[in-house]
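**Q** Numbered by UniProt numbering, the letters in the sequence shown go through residues 1 to 242 in order.
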Amino acid sequence: MLLEVQNLKVKYGSIEALHGISFNVKEGEIVTLIGANGAGKTTTLHTITRVPPPEGPKVCEGDILFKGKSILNLEPHEVVHKLHIGLAPEGRHIFGNLTVEENLKLATYARNDDSKIKEDYKLVYRLFPRLYERRKQRSESLSGGEQQMLAVGRALMTGANFLLLDEPSMGLAPLLMYEMFRALKELNQKEGITILLIEQNALLALQFAHRGYVLDTGEIVLSGTSEELLNNPEVKKAYLGG
1 MLLEVQNLKV KYGSIEALHG ISFNVKEGEI VTLIGANGAG KTTTLHTITR
51 VPPPEGPKVC EGDILFKGKS ILNLEPHEVV HKLHIGLAPE GRHIFGNLTV
101 EENLKLATYA RNDDSKIKED YKLVYRLFPR LYERRKQRSE SLSGGEQQML
151 AVGRALMTGA NFLLLDEPSM GLAPLLMYEM FRALKELNQK EGITILLIEQ
201 NALLALQFAH RGYVLDTGEI VLSGTSEELL NNPEVKKAYL GG
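1) Can you give the beta carbon distance from Leu127 to Ala183, rounded, assuming they're within the 8 Å contact cut?
2) Please classify Gln147: is it buried, with 16 or more other beta-carbons within 10 angstroms of its beta-carbon, or exposed?
3) Between the Cα of Gln137 and the Cα atoms of Ile15, Met177 and Glu101, which residue gives the shortest distance?
4) Quick check: the segment 173–180 against the segment 12–23, are at least 3 beta-carbon pairs closer than 8 Å?
5) Under 9 Å between the Cβ atoms of Val10 and Gly38?
6) Rounded to the nearest angstrom, how far is the Cβ of Ile21 from that of Val31, given a contact under 8 Å?
7) Identify whether Gln6 lies in helix, strand or coil by the three-state DSSP scheme.
8) Once the 5 residues before and after Leu240 are set aside, which same chain residues still bring their CB inside 7 Å of it?
9) Using C-beta distances below 7 Å, list every residue in its chain close to Gly144, excluding the 5 sequence neighbours before and after it, in chain order.
10) Measuring only the C-alpha atoms, how far is Gly35 from Asp216?
11) Alpha carbon to alpha carbon, how far is Glu90 from Leu197?
12) Where in the segment 186–230 do unbroken runs of the alpha helix (DSSP H), each at least 4 residues long, occur, reported from the N-terminal end onward?
13) Assign His77 to one of three DSSP states: helix, strand, or coil.
14) Gln189 to Asp114, Cα distance in whole Å?
15) May I ask you to report which of helix, strand or coil DSSP gives Ile15?
16) Based on the DSSP secondary-structure assignment, which residues constitute the bridge partners of Gly63?
17) Would DSSP call Gly145 helix, strand or coil?
18) For Arg134 and chain D, any beta-carbon pair shorter than 9 Å?
Now the structure itself:
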């Protein structure tokens, strides 16, 4: 098993955001967590990646295992560079005063595998040709969709083979949204990248993923294959418009 979250309880101060959730991700899978705002989706990703310290989420019970070993004592940079887990956060958080190329280069600062770095640049620009066209532009001048592409590309440039994606479709026009998910599907199928996706667009997420979990106010209330969840009456009523 690549990732196992076991009975995870997490607090922000005195408020418990996760009430003992458990789920897993196998290598090569696309797994999605769906749920409404405030369900605990972003808290889950932040806890896995160990960011943002020190004011961020605090684990009060449970464990997170990566390839069978607990990662709760790792620093954020160790999660990225030892475990090769990359996060594309909600809101993108790109460096607007830097060019596209500089944003991507910054993500390689701890790498010393020059030949693989060159391959990863080619991969990012092949997946997202718009980024290649705009590689010398300041990233603040990009459209929202292009900035989201850059956030995903930057996560890849860390050397990640496991991507955590926080609302990658947020604010995107339909054409760019499907372009984004086409690229992510290619990453999974052709490059073997494992993906854990959180997404409010439940229909899109379940069409994209192999399996899914439904998170509701800090608890996992349903799980199954994407087909099972798409056909589940409760999921249809709550998340798929009937």
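Built from N, CA and C at the ideal position, the CB exists for glycine as well.
In this text, all values refer to a predicted model and were calculated from it rather than measured experimentally.
**A** From the atom records:
1) 4 Å
2) It is buried - the Cβ of Gln147 has at least 16 other Cβ atoms within 10 Å.
3) Glu101
4) no
5) no
6) The pair is not a contact, with the Cβ atoms about 13 Å apart (cut-off 8 Å).
7) strand
8) Ala202 and Leu203
9) Gly171 and Leu172
10) Just so you know, the alpha carbons of Gly35 and Asp216 end up roughly 6 Å apart.
11) 11 Å
12) 202–208 and 226–230
13) helix
14) If you take the alpha carbons of Gln189 and Asp114, they lie about 25 Å apart.
15) strand
16) Looking at the sequence itself, residue 63 is Asp, so the reference to Gly does not match. Answer is Gln6, bridged to Asp63.
17) helix
18) Considering every chain present, this structure includes no chain D. It has just one protein chain.
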